[in-house]
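Presented below is the structure to which this report refers.
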Amino acid sequence: MLIVPGSPMSVTALQFSAQDLESAKHISELNPRKEIFLSIDAKQHGLGNGPGTIEAYCLKPGPVDFSHCFRRYSKEKGDATLLGRVPTPFTPRAK
Numbered sequence: 536m537l538i539v540p541g542s543p544m545s546v547t548a549l550q551f552s553a554q555d556l557e558s559a560k561h562i563s564e565l566n567p568r569k570e571i572f573l574s575i576d577a578k579q580h581g582l583g584n585g586p587g588t589i590e591a592y593c594l595k596p597g598p599v600d601f602s603h604c605f606r607r608y609s610k611e612k613g614d615a616t617l618l619g620r621v622p623t624p625f626t627p628r629a630k
């Protein structure tokens, strides 16, 4: 599967749930699952290195508008990077 974003976003596909990652104190405590956990985030809160996150990198509660398209993918279709640049069938909403 290929996920083509309409704008920059963060995407992860892991064999661990958020709860698995939260409860493990060490990587050796993680056991890969058969399922894949897909997370698609429109934005990501900045990480702090000290007393907190710099204000410019903090996310505030509020509506977020983003779009993405799932495409079937196999090696026979060629380079995924190039396929991801082909225009998608969705049209971003007017603001």
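So in this note's numbering, spot 86 of the sequence shown is number 621, and the numbers just go up one at a time.
The beta carbon of each residue, even a glycine, is placed where N, CA and C say it ideally should be.
Can M536 and A577 be called in contact, C-beta distance under 7 Å?
Position 1 of the sequence shown, counted from the first residue, corresponds to residue 536. Position 42 of the sequence shown, counted from the first residue, corresponds to residue 577. Against a cut-off of 7 Å, the Cβ pair of A577 and M536 comes out as no contact.
Close beta carbons around H580, own chain, < 8 Å, minus the five adjacent residues each side:
For this step, residue 580 is matched to residue 45 along the sequence shown. If you ignore the 5 residues before and after H580, its C-beta comes within less than 8 Å of the C-beta of T588, Y592, C593, L594, all in its own chain and listed in chain order.
Is the beta carbon of T616 less than 7 Å from the beta carbon of S574?
Taking the first residue of the sequence shown as position 1, residue 616 is located at position 81. Taking the first residue of the sequence shown as position 1, residue 574 is located at position 39. Contact flag unset, no.
By Cβ distance, which residues of its chain are closer than 7 Å to G619, with the 5 residues on each side in sequence left out?
Walking along the sequence shown from the start, residue 619 turns up at place 84. Result list for G619: L537, V539, in chain order.
May I have the straight-line CA-CA distance separating G613 from H603, to the nearest angstrom?
Taking the sequence shown and counting its residues from 1, one reaches residue 613 at position 78. Taking the sequence shown and counting its residues from 1, one reaches residue 603 at position 68. Looking at the two C-alpha atoms, the distance is approximately 20 Å.
Thinking C-beta only, is R568 closer than 7 Å to R550?
As a working note, residue 550 is residue 15 in the sequence shown. As a working note, residue 568 is residue 33 in the sequence shown. For clarity, residue 550 is Gln in the given sequence; the question names Arg instead. Yes, the pair counts as a contact, with Cβ atoms nearer than the cut-off.
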